[in-house]
Amino acid sequence: MPKRRHLCWSGDDPIQGRWSLAHGEGVAAHQHARGQLLYAASGLLATTTERGTWVAPADRISWTPPSFDHGHRAYGETEISILEVPAELCSALPATPTVFTVSALLRAAVLKLTGGTTLRPDVGDRLLRVLVDELTEVPEQAIYLPEPADDRLRAVTDLLRGNPAETATLGELGRAAGASERTLSRLFRVELGMSFSQWRSQLRIQHALVYLGQGCSVTDTALRCGWANPTSFIETFSAILGQTPGSYQADLRRRGATAR
Numbered sequence: 001m002p003k004r005r006h007l008c009w010s011g012d013d014p015i016q017g018r019w020s021l022a023h024g025e026g027v028a029a030h031q032h033a034r035g036q037l038l039y040a041a042s043g044l045l046a047t048t049t050e051r052g053t054w055v056a057p058a059d060r061i062s063w064t065p066p067s068f069d070h071g072h073r074a075y076g077e078t079e080i081s082i083l084e085v086p087a088e089l090c091s092a093l094p095a096t097p098t099v100f101t102v103s104a105l106l107r108a109a110v111l112k113l114t115g116g117t118t119l120r121p122d123v124g125d126r127l128l129r130v131l132v133d134e135l136t137e138v139p140e141q142a143i144y145l146p147e148p149a150d151d152r153l154r155a156v157t158d159l160l161r162g163n164p165a166e167t168a169t170l171g172e173l174g175r176a177a178g179a180s181e182r183t184l185s186r187l188f189r190v191e192l193g194m195s196f197s198q199w200r201s202q203l204r205i206q207h208a209l210v211y212l213g214q215g216c217s218v219t220d221t222a223l224r225c226g227w228a229n230p231t232s233f234i235e236t237f238s239a240i241l242g243q244t245p246g247s248y249q250a251d252l253r254r255r256g257a258t259a260r
């Protein structure tokens, strides 16, 4: 396996391979002429645009279309594999950023293409086409936090971002933001396409993934992120991620042991 390097590039530079991001390390807003796929082997990678933030936990692939302004930030020690997708293949993939689940075929293809071994151009091209075809078959699994435009709504989401464990009701938050609960509830639906409860759950899950990756127990993670009890956390996590937090954590340990 090639030596891991720290990621540092300007948006105009071509980049493909395996890289390492330290906790909190980020890449400023930029765009690429080609599409970009990033596989997070460990840690958690957030992709932020003016529309919102997409979160890729370990063993997921994030997708960013060509000419789409975006930045990245890592949470936990994050190992990523980066693939560039030629414009002619991008039409098969979504027109906005998203996150995909990873099949065994996808994982193998990404690691083969970014493993440092020089492939014949025709072999690499065929493998990339197989990878793109496979992405059209696997489900999207985006933990997505849309960004509000309304100042009152932004005041509420900023309060929650500052303290995801905050248990205040929407009405209580509204008093701090200068808006009624009814108005804010409507704004969440109209601007963000989800309810207040759904948005807060997405935010909490993002933070929960970081804690789980750091080895925190399911119970401690639930309490740190604002759930009243582990059961409600497990139910929410399972509904969004398709597996329990304990199963997710076990997968992290298993992949870590394999990597060693």
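Position 133 of the sequence shown, counted from 1, bears residue number 133 in full-length UniProt numbering, the numbering being contiguous throughout. Idealized CB from N, CA, C, for every residue including glycine.
C-beta atoms of residue i and residue j nearer than 9 angstroms
{"i": "Gly76", "j": "Leu44", "result": "yes"}
{"i": "Leu89", "j": "Arg129", "result": "yes"}
{"i": "Leu113", "j": "Leu93", "result": "no"}
{"i": "Val102", "j": "Asp158", "result": "no"}
{"i": "Ala87", "j": "Arg34", "result": "yes"}
{"i": "Pro230", "j": "Ala239", "result": "no"}
{"i": "Thr47", "j": "Leu38", "result": "yes"}
{"i": "Leu21", "j": "Ala74", "result": "yes"}
{"i": "Val85", "j": "Gln36", "result": "yes"}
{"i": "Ser42", "j": "Gly174", "result": "no"}
Residue from the options with nearest C-alpha to residue i
{"i": "Val138", "options": "Ala92, Leu153, Ala104 and Phe100", "result": "Phe100"}
{"i": "Tyr248", "options": "Asp220, Ser232, Ala208 and Val123", "result": "Ala208"}
{"i": "Gly215", "options": "Thr183, Asp251, Gln202 and Lys112", "result": "Asp251"}
{"i": "Ala56", "options": "Thr157, Ala40, His23 and Ala165", "result": "Ala40"}
{"i": "Gly149", "options": "Ala168, Phe188 and Thr136", "result": "Contrary to the premise, residue 149 reads as Ala rather than Gly in this sequence. Among Ala168, Phe188 and Thr136, the Cα nearest to that of Ala149 is on Phe188."}
{"i": "His72", "options": "Ala28, Ala109, Ser81 and Leu37", "result": "Ala28"}
{"i": "Thr96", "options": "Thr244, Arg107, Pro146 and Val110", "result": "Pro146"}
{"i": "Trp19", "options": "Leu192, Leu111 and Val218", "result": "Leu111"}
{"i": "His23", "options": "Ala239, Thr219, Thr244 and Tyr211", "result": "Tyr211"}
{"i": "Ser62", "options": "Gln31, Asp69 and Glu140", "result": "Glu140"}
{"i": "Ser217", "options": "Asp69, Gly246, Tyr144 and Gly124", "result": "Gly246"}
{"i": "Arg161", "options": "Phe233, Val85 and Thr53", "result": "Thr53"}
{"i": "residue 266", "options": "Ser42, Arg255, Ala104 and Arg51", "result": "Residue coverage of the chain in this structure runs from 1 to 260, which leaves residue 266 outside it and unanswerable."}
{"i": "Leu106", "options": "Gly193, Thr219, Gln198 and Asp133", "result": "Asp133"}
{"i": "Thr236", "options": "Leu135, Gln198, Arg254 and Asp220", "result": "Gln198"}
{"i": "Thr169", "options": "Phe233, Ser195 and Arg254", "result": "Ser195"}
{"i": "Leu135", "options": "Gly116, Gly171 and Ser91", "result": "Ser91"}
Burial state of residue i (16 or more Cβ within 10 Å)
{"i": "Pro121", "result": "exposed"}
{"i": "Glu79", "result": "buried"}
{"i": "Ser67", "result": "exposed"}
{"i": "Gln243", "result": "exposed"}
{"i": "Ser81", "result": "buried"}
{"i": "Thr98", "result": "buried"}
{"i": "His6", "result": "Bear in mind that the predicted position of His6 carries a pLDDT of just 45, short of 50, making it unreliable; the figure below should be weighed with that in mind. So His6 counts as exposed."}
{"i": "Ala179", "result": "buried"}
{"i": "Arg200", "result": "buried"}
As assigned by DSSP and simplified to three states, the class of residue i
{"i": "Leu184", "result": "helix"}
{"i": "Thr48", "result": "strand"}
{"i": "Glu84", "result": "strand"}
{"i": "Phe196", "result": "helix"}
{"i": "Glu172", "result": "helix"}
{"i": "Gly162", "result": "helix"}
{"i": "Phe100", "result": "strand"}
{"i": "Ala179", "result": "coil"}
{"i": "Ser91", "result": "coil"}
{"i": "Thr118", "result": "coil"}
{"i": "Ser20", "result": "strand"}
{"i": "Glu140", "result": "strand"}
{"i": "Pro230", "result": "helix"}
{"i": "Glu191", "result": "helix"}
{"i": "Gly124", "result": "helix"}
{"i": "Glu79", "result": "strand"}
{"i": "Gln249", "result": "helix"}
{"i": "Arg73", "result": "strand"}
{"i": "Gln202", "result": "helix"}
{"i": "Gly213", "result": "helix"}
{"i": "Arg34", "result": "coil"}
*Does the count of Cβ pairs from the region 139–153 and the region 183–190 closer than 8 angstroms reach three?*
At 8 angstroms Cβ cutoff, the stretches touch.
_Below 8 angstroms, how does it come out for the region 194–210 and the region 220–229: are there three or more Cβ pairs, yes or no?_
Yes: the two stretches touch, three or more of their Cβ pairs being nearer than 8 angstroms.
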